[in-house]
Amino acid sequence: MKVLVGYASAHGSTREIAEHLGARLGSHGLDTDVSELARVVDPGRYDAYVLGSAVHDQRWLPEARAFVAEHAPELAAKPVWLFSVGMPAALRFPLTLLAGLQPAALVAEFTDRLSFRDHLVVSGVVRDEHLPLLGQLRQLLRPGGWLVIFEHNPLNPLTRFAVNTCPFDENAVLLSGRTLRRRLQAAGFGDVEIAYTAFFPRALAALRRFERALTWMPVGAQYYAIAHA
Ligand SMILES: Cc1cc2nc3c(=O)[nH]c(=O)nc-3n(C[C@H](O)[C@H](O)[C@H](O)COP(=O)(O)O)c2cc1C
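Position 58 (the sequence shown) corresponds to 40 in this note's numbering; numbering is contiguous.
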């Protein structure tokens, strides 16, 4: 029997787990190939499949999802086992409760295309440097929780002047509202709202009551981003 242990890994844990599984299957006399899913040649030639992916943002990696979507007809006729590598062991209460819900959700998109024999969720190694800062913040929030970031608006020339001449801001790189929105969305935040503020200096403080109507105008000295995890 020819078995494929196919994996998609971002930082190596899923690869190591796949290699371990492949070695164990080999030691039981099965002719086993261990391969990155993106590099599998002729997937139809296997008799059984063990497929796994690292979990990012509660989903398999895109290349693993693409493999299942593309080869579902070949896979459907043969025995398939799935494994997901996340970080349930690293979670603290109450997030541990959510980890219990995760296994079914991770492979829910495959259930109508594939009847797999079993699905296992295991923990890999996650290091702080693997998670971009915004991703780390999202992990700390409850689903639907809010993140609010205040930032100087680089589109406002007075703000740029103040930052360029302030010793505290040496080497500071200002992010535009558009860039921050894109980064928040890339980190998995939804419903990102950018609102501009601080339009009027103290001398015009009487006009500040109109600021709420101006939040769409990208000229305020500052802006804030509101995003939902
Ligand atoms: C950007 C990013 C997002 C992640 N999102 C999740 C997640 O939603 N759920 C989870 O259990 N683990 C999550 N993790 C943890 C990884 O799944 C874990 O580090 C795993 O070991 C990755 O496997 P790899 O080393 O093969 O890439 C995330 C990791 C990264 C870098």
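In this text, a Cβ means the ideal position worked out from N, Cα and C, and glycines have one as well.
Keep in mind that this is a model prediction, so the values were computed, not measured.
Taking every protein chain shown into account, the CB of GLY26 has fewer than 16 other CB atoms within 10 angstroms, so this residue is exposed.
Beta-carbon to beta-carbon, GLY106 and PHE49 are separated by about 19 Å, too far to satisfy the 8 Å threshold. Rounded to whole angstroms, the separation of the alpha carbons of LEU123 and ALA144 is 33 Å. CA-CA distance, GLY11 to GLY170, rounds to 43 Å. Burial state of THR161 is exposed, judged by a 10 Å Cβ sphere holding fewer than 16 other Cβ atoms.
Per the DSSP secondary-structure output, HIS38 pairs in a beta bridge with ARG41.
Scanning the region 89 to 140 for uninterrupted alpha helix (DSSP H) segments of 4 residues or longer gives 115 to 122, listed from N- to C-terminal end. Under the DSSP assignment, GLY26 falls outside any beta strand (DSSP E); it carries neither an H nor an E label. The beta carbon of GLY8 sits closer than 7 Å to the beta carbons of THR14 from its chain, once the five residues preceding and following it are set aside; these are given in chain order. For GLN167, the Cβ stays outside the 7 Å cut-off from all heavy atoms of ligand 1. Taking a contact to require three or more Cβ pairs closer than 8 Å, the region 195 to 206 and the region 130 to 145 qualify as touching. Relative to ligand 1, the beta carbon of HIS38 is positioned inside 7 Å of a heavy atom.
Short of 7 Å from the beta carbon of PRO114, and not among the five residues preceding or following it, lie these beta carbons of its own chain, in chain order: ALA169.
Taking the Cα positions, GLU152 is about 51 Å away from LEU3. For ALA87, the CB stays at least 7 Å from every heavy atom of ligand 1.
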